[in-house]
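S.K.: Residue numbers (our numbering): 20 to 216.
Note that CB positions come from ideal geometry on N, CA and C, so glycine has one too.
#1: Report buried or exposed for residue 92, applying the criterion of at least 16 other Cβ atoms within 10 angstroms of its Cβ.
#2: Three or more C-beta pairs under 8 Å: does that hold for the stretch 67–78 against the stretch 103–113?
#3: Whose CA, out of 207, 213 and 172, lies closest to the CA of residue 189?
#4: Rounded to a whole number of angstroms, what is the C-alpha to C-alpha distance between residue 78 and residue 152?
#5: Write down every uninterrupted run of the alpha helix (DSSP H) in the stretch 129–172 whose length is 4 residues or greater and which is fully enclosed by it, in chain order.
#6: Confirm the yes/no value for this check: CB of residue 49, any heavy atom of the ligand ZN, distance under 8 Å.
#7: Please name the residue, chosen from 210, 139, 99 and 117, that lies closest to residue 182 on a Cα-to-Cα basis.
#8: What residues are listed by DSSP as bridge partners for residue 117?
#9: Among the residues of its own chain, which have a CB less than 6 Å from the CB of residue 35, if the five just before and after it don't count?
#10: What does residue 21 pair with, by DSSP beta-bridge criteria?
#11: Which residue marks the beginning of the beta strand (DSSP E) containing residue 39, and which one marks its end?
#12: How about residue 130 and residue 40: do their beta carbons lie closer than 9 Å?
#13: Excluding the 5 residues flanking residue 179 on each side, which residues of the same chain have their C-beta closer than 8 Å to its C-beta?
#14: My output table needs one value for residue 192: the three-state DSSP class, helix, strand or coil.
#15: Bridge partners for residue 99 per DSSP, in chain order?
#16: Taking Cβ to Cβ, would you say residue 166 is nearer than 9 Å to residue 98?
#17: Mind checking whether residue 90 and residue 50 have CB atoms under 9 Å apart?
#18: On the three-state DSSP scale, how would you describe residue 199?
#19: Report the option in 87, 60, 184 and 59 whose CA atom is closest to the CA atom of residue 222.
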């Protein structure tokens, strides 16, 4: 299971919302993965409820957050889902890159938990679990907006081949994100990479 959530900066408690969403995805996944008949829609319904429960007394509209996830079950399936901006991409063992399609929100509006949306606003798909040598990338818009689509495979290879073998790859990636090469880009940057050797 992998999840990236990015709180909307315009909302007072978006940090709490993104943390609650991350935990809600984990909660929902733990239940969903046990069922051989659970759909991606079922997983998302569980996420939505778990998020509101995790928020407790925090008003949902003050804690709005995007949510991107990948979750494998115990039955040879995996779900990919996205609400809001950002990127989910998968590089195959042959190097081919598939980008998960995001829903278009329109200028100045981001789909998010805590903002008006329906299940149909989520971009959902059921896929095969990662195979050996495949790489999954999930990124917030602070990263994805600066990436060239034809270089996603190179980014995946760089993370796996250059950062992966390091003693502390997460720390090295965090350093790279803090020193992002695009000047004056202050948006939060999260990049998650998952692969099977």
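M.R.: For this structure:
#1: buried
#2: no
#3: 213
#4: 42 Å
#5: 160–163
#6: The ligand ZN is not part of this structure, which contains no ligands at all.
#7: 210
#8: 109
#9: 77 and 82
#10: 89
#11: Careful: residue 39 lies outside any beta strand (DSSP E), inside the alpha helix (DSSP H) at 33–51.
#12: no
#13: 154, 212 and 214
#14: helix
#15: 89 and 144
#16: no
#17: no
#18: coil
#19: Only positions 20 to 216 of the chain appear in the structure, and residue 222 is not among them; the question remains open.
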